[in-house]
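Novice:
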Amino acid sequence: MSNNPYVPQLAVIEKITEETWDTKTFRAVFVDEEFRNNFTYKPGQFQEVSVFGTGEATFCLTSTATRPGYIEFSVKRFGCVTKALHGLSEGATVGVRAPLGNCFPYESFKGKDLWFIGGV
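Following this note's numbering, the residues of the sequence shown are numbered contiguously, the last one being 318.
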């Protein structure tokens with residue numbers, strides 16, 4: 199087991215949920231049990247997912263870090279890697295490099311009001 203986030207770990211797609219006609223959420227489980235049991239991340243960190251024979255792309259971790267044992271990421275079909283991901287079935291194996299990046303400085307927001315505004 200490597201704790202180096204730049205070394206890809208194999209993960210099996212356990213569940214695929216079709217959110218919309220062009221967006222799917224993938225639930226993946228790391229093959230290496232020790233890595234899976236020790237994997238942690240913080241809000242704001244991301245991952246690189248490899249589809250073998252196609253390439254690698256960056257995706258946000260959309261699962262919550264408080265539910266260990268799996269990771270989830272949502273993918274809009276757009277480019278060659280995302281199209282390849284959308285073509286995978288449950289049980290397929292991908293490579294995952296994670297956690298990458300810095301986390302949100304959520305400690306600095308304690309006691310403050312936050313407003314989230316979205317639009318299309």
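Think of the CB as a built atom: it goes at the ideal place given N, C-alpha and C, for glycine as much as any other residue.
What you are looking at is a predicted structure, and each value in this text was computed from that prediction instead of being measured.
Specify the secondary structure class of L208 as computed by DSSP and reduced to three states.
Specialist: Counted from its first residue, the sequence shown places residue 208 at position 10. In the structure shown, L208 sits in a strand (DSSP, three-state: E or B).
Novice: Please work out which residues of its chain come closer than 6 Å, Cβ to Cβ, to N235, disregarding the five sequence neighbours upstream and downstream, and give them in chain order.
Specialist: In the sequence shown, the residue the question calls residue 235 occupies position 37. Result list for N235: empty, nothing under 6 Å.
Novice: Answer with buried or exposed for F228, where buried requires no fewer than 16 other C-beta atoms within 10 angstroms of its C-beta.
Specialist: By one-based count along the sequence shown, residue 228 stands at place 30. Label assigned to F228: buried.
Novice: Starting from K240, follow the beta strand (DSSP E) in both directions and report where the run begins and ends.
Specialist: Stepping through the sequence shown from its first residue, residue 240 is reached at position 42. Looking at the DSSP string, K240 is not in any beta strand (DSSP E), and its letter there is neither H nor E.
Novice: Expressed to the nearest angstrom, what Euclidean distance is found between the alpha-carbon atoms of H284 and E246?
Specialist: Here residue 284 is taken as the residue at index 86 of the sequence shown, counted from 1. Here residue 246 is taken as the residue at index 48 of the sequence shown, counted from 1. One C-alpha to the other measures close to 16 Å.
Novice: Decide if S287 is buried, meaning its Cβ has at least 16 other Cβ atoms within 10 Å, or exposed.
Specialist: On the sequence shown, position 89 is the one that residue 287 refers to. Classification for S287: exposed.
Novice: Taking the alpha carbon of Y204 as the reference point, which residue from F271, K281, A296, K310 has its own alpha carbon closest?
Specialist: Position 6 of the sequence shown, counting from 1, holds the residue named residue 204. Of F271, K281, A296, K310, the residue nearest in Cα terms is A296.
Novice: Grab me the residues of P241's own chain with a C-beta within less than 8 Å of its C-beta, minus the 5 sequence neighbours each way, in chain order.
Specialist: Position 43 of the sequence shown holds residue 241. Closer than 8 Å at Cβ, skipping near neighbours: A263, C301, F302, Y304.
Novice: Going by DSSP in three states, F229 sits in which element: helix, strand or coil?
Specialist: In the sequence shown, the residue the question calls residue 229 occupies position 31. The question names Phe, yet the displayed sequence has Val at residue 229. Correct three-state label for V229: coil.
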